Amino acid sequence: MTALRNDVARLGAEGVTVGYADRVVLDNLDVSIPTGVITTVIGPNGCGKSTLLRTLSRLLKPSRGTVLLDGHDIARLRTRDVAKKMGLLPQTPIAPEGLTVADLVARGRHPHQSWVRQWSSDDADVVAEALRMTGVADLAHRPVDSLSGGQRQRVWISMTLAQGTDLLLLDEPTTYLDLAHAIDVIDLVDDLHEGGCTIVMVLHDLNLAVRYSDNLIVMKSGSIVAQGHPSEVITSELLLDTFGLQAKVIDDPVSERPLIVPIGRTHVVPKSDQERG
Amino acid sequence: MSAQMHPGVRVGGWSWVWRPWIALVTVLLAAATFLVFCVSISVGDFTIELTAVVKTLVGQGERVDEFVIMDLRMPRALVGLIAGLALGISGALTQSIARNPLASPDVLGITSGASATAVFVVTASGGAAIGGSLGLPAAALLGGLLTGFLVYFLAWKKGIDGFRLILIGVSVNAAMQALTTWLLALADIRDVARAQAWLVGSLNARSWTEVWTSLWLAAALVLVVLFVSFQLKPMHFGDDVAAGLGVRHSAVRAVLLLCAVLLASVAVSAAGPVPFIALVAPQIAMRLQRSPVPPLVASGLFGAVLLISSDLIARTVLPGGLPVGIVTAIIGGPFLVYLLVRANLKRSA
Chain B
3 MTALRNDVAR LGAEGVTVGY ADRVVLDNLD VSIPTGVITT VIGPNGCGKS TLLRTLSRLL
63 KPSRGTVLLD GHDIARLRTR DVAKKMGLLP QTPIAPEGLT VADLVARGRH PHQSWVRQWS
123 SDDADVVAEA LRMTGVADLA HRPVDSLSGG QRQRVWISMT LAQGTDLLLL DEPTTYLDLA
183 HAIDVIDLVD DLHEGGCTIV MVLHDLNLAV RYSDNLIVMK SGSIVAQGHP SEVITSELLL
243 DTFGLQAKVI DDPVSERPLI VPIGRTHVVP KSDQERG
Chain P
1051 MSAQMHPGVR VGGWSWVWRP WIALVTVLLA AATFLVFCVS ISVGDFTIEL TAVVKTLVGQ
1111 GERVDEFVIM DLRMPRALVG LIAGLALGIS GALTQSIARN PLASPDVLGI TSGASATAVF
1171 VVTASGGAAI GGSLGLPAAA LLGGLLTGFL VYFLAWKKGI DGFRLILIGV SVNAAMQALT
1231 TWLLALADIR DVARAQAWLV GSLNARSWTE VWTSLWLAAA LVLVVLFVSF QLKPMHFGDD
1291 VAAGLGVRHS AVRAVLLLCA VLLASVAVSA AGPVPFIALV APQIAMRLQR SPVPPLVASG
1351 LFGAVLLISS DLIARTVLPG GLPVGIVTAI IGGPFLVYLL VRANLKRSA
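If you read the sequences in order, they're chains B and P.
Residues 3 to 279, numbered by the working numbering, are exactly what the first sequence covers, in order.
Residues 1051 to 1399, numbered by the working numbering, are exactly what the second sequence covers, in order.
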């Protein structure tokens, strides 16, 4: 777990404790996010994975410990300066009815703007590029509420991209999307990573997390139980221990990653038949 | 590429988005405001021609006109302008912050809170002593502010949720109206008549002192609002997105809500609790500008147009000098029903 040291990490947490009113969600947790790769936080419901992401993105203030961004305590930085370094896509963003895609994505420039400087030529260029990279340039004049779920998620990612940071935090970017759209969105995330972005995200779908991440953070009851490359981390023991999931981990026929095959109570052929097939 | 986006207006290091339609509507609304303002001055016991009104306003009028316009009719028109602007902007702010078209200062109880204290001053002073030029506005401001704090405090639950804010506001509104009724029931009959006339909302018999107080307060507040409003833009996407874009959303919300409450209270202190302007103006301005969120400047201008022309209707069409509040209620009531029906349809869709 300490293989990835803080001096190479741009974002990390040291001894953070985070809780709501009476419940401690994260207890004295250390984590560091390796630069230039996709890190995905996984874990069963209520394990604190979203809380970790919200803490790293300074949406939640830890009661103890510090979150470090480029070596600085994030709580002491101006929120505007943080926004210039780190883009964030929360779980349920709201778009006012009738707002166009171009206007939404343009809002991503906010941290770089001021009262007298509301739309510079830089802004126009960056927004055009963000629209192009996420494949929503053709939708620029459509109202966001007229789009499909997958398109909408692309637009929000586009806005985060227009922020012009190379560090992106995405909270469940594939929620509510069908599998085809989920793959589409996460392929886009992978493109951004190829383009040099450091990405931290929370995902529910384990196989998507395994396929697309270079670094997995596995959480259970507010602590990190494993961290590293999916091939090293994902074992049937870990799945049983953390998720209470009976599963077989096999080689993915289409990628060089493991594939999780869950074993439920029903529809499972006896072992002897499996070997014959 | 750039054809997909709004072009920019750039002068030196300064730059803005150029949206021709929004600019056009704003200019037209400003022209409409000036027009009804002049018409309001021209209409009275005897009519002064519009050209004469404009001439006098730019300081080139006849002396007779000057007296009637500057001393007699101008205060009334100015109070309409200030109160309309203040209510429009106040409504646009509260609707934006609550992300709900029903969240206007009259629905949230701010205006009735301001009136309750004002009525208290009128009835308790037993005469013009405190209820004069300064006491009434001060009381209305204080009342609006206290009610604003009360609503905010009661609606606060790990942050502000728009729907909760409205529910709390509706109940506080009812409580404040009950308080007003109670104060009136206890009061001397002559004070009741005075308070009642003021309570319906009226631009009648305004003096220059009242005008100056409201003008300076409103101007200062509008400047603050326009300055902070830049930070309001990302807040339409929810608190988390706003925080991600570097906005200190709690601070921005607190400052803008405070301004909204004070603007509504200034309007109430100047013109009485004129109903529905703050609710209707931002919603219509939004539709005129085809804007997805209530526009601040256009809402203010439309509020002024609405209030001054309602006053004109009250003075000319309706019999016996009915107060302006009656007219705005006639316009605003159906509009509120329309918004409610629309909200219901959307929820069930």
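Backbone N, C-alpha and C define an ideal beta-carbon position, used for all residues, glycine too.
Computed from a prediction, not measured in an experiment: that's the story for all the values here.
R80 (chain B) counts as exposed, since fewer than 16 other beta carbons sit within 10 angstroms of its beta carbon.
Taken through DSSP and simplified to helix, strand or coil, T42 (chain B) comes out as strand. Between G1288 (chain P) and G89 (chain B), the gap from beta carbon to beta carbon reaches 8 angstroms or more. Straight-line spacing of the CA atoms in G38 (chain B) and I219 (chain B) works out to 16 angstroms. Residue state for K222 (chain B) is assigned as strand, using DSSP reduced to three classes.
Contact with chain B is found for R1298 (chain P), since one of that chain's Cβ atoms lies less than 8 angstroms from the residue's Cβ. Between L1295 (chain P) and chain B, the shortest Cβ-Cβ separation is below 8 angstroms. In the DSSP assignment, the residues bridged to P145 (chain B) are B:T102. Around L1204 (chain P), the same chain offers I1218, V1222 as residues with beta carbons nearer than 8 angstroms, after the five sequence neighbours per side are excluded.
Take the alpha-carbon of P1344 (chain P) and the one of G1058 (chain P): they are about 22 angstroms apart. Contact annotation, A1310 (chain P) with S1140 (chain P): C-beta distance approximately 5 angstroms; criterion of less than 8 angstroms satisfied. Listed along chain B are P92, T94, P95, I96, each with a C-beta nearer than 8 angstroms to that of G1288 (chain P). Chain-order list of chain B residues neighbouring F1213 (chain P): empty, with the shortest C-beta distance near 13 angstroms, by a criterion of under 9 angstroms. DSSP places S1359 (chain P) inside the alpha helix (DSSP H), whose first and last residues are 1346-1366.
Under the DSSP definition of a beta bridge, A228 (chain B) partners with B:V220. S1065 (chain P) reaches chain B at R119, Q120, W121, S122, counting residues in chain order whose Cβ is nearer than 7 angstroms. For the set B:T94, B:R60, B:R154, B:R156, the Cα lying nearest the Cα of R82 (chain B) is the one of B:R60.
At a C-beta separation below 7 angstroms, A108 (chain B) has these neighbours in chain P: M1055. The contact set of V129 (chain B) on chain P, defined by CB atoms closer than 8 angstroms, consists of M1055 in chain order. Taking C-beta atoms as the reference points, K1283 (chain P) and H112 (chain B) count as a pair closer than 8 angstroms. Distance from the Cα of S1092 (chain P) is smallest, within the candidate group P:A1270, P:L1362, P:H1286, for P:L1362.
With the criterion set as a beta carbon lying under 7 angstroms from some beta carbon of chain B, the members of the segment 1335-1358 of chain P are P1342, V1343, in sequence order.
Chain-ordered, the chain P residues with CB closer than 8 angstroms to the CB of T81 (chain B) read A1293, G1296, V1297, R1298. For I236 (chain B), the closest alpha carbon among the candidates B:G197, B:V251, B:E16, B:P145 is that of B:V251. Two segments are said to touch when three or more pairs of C-beta atoms, one from each, lie closer than 8 angstroms; by this definition the segment 14-30 of chain B does not touch the segment 207-216 of chain B. Contact between G48 (chain B) and G17 (chain B) fails: their C-beta atoms lie close to 22 angstroms from each other, not under 8 angstroms. Think of a sphere of 8 angstroms around the beta carbon of P1284 (chain P): the chain B residues whose beta carbon falls inside it are R109, H112, in chain order. Residue pairing for I35 (chain B): DSSP places it in a beta bridge opposite B:L13.
Around the C-beta of D125 (chain B), 16 or more other C-beta atoms lie within 10 Å, and the residue is accordingly described as buried.
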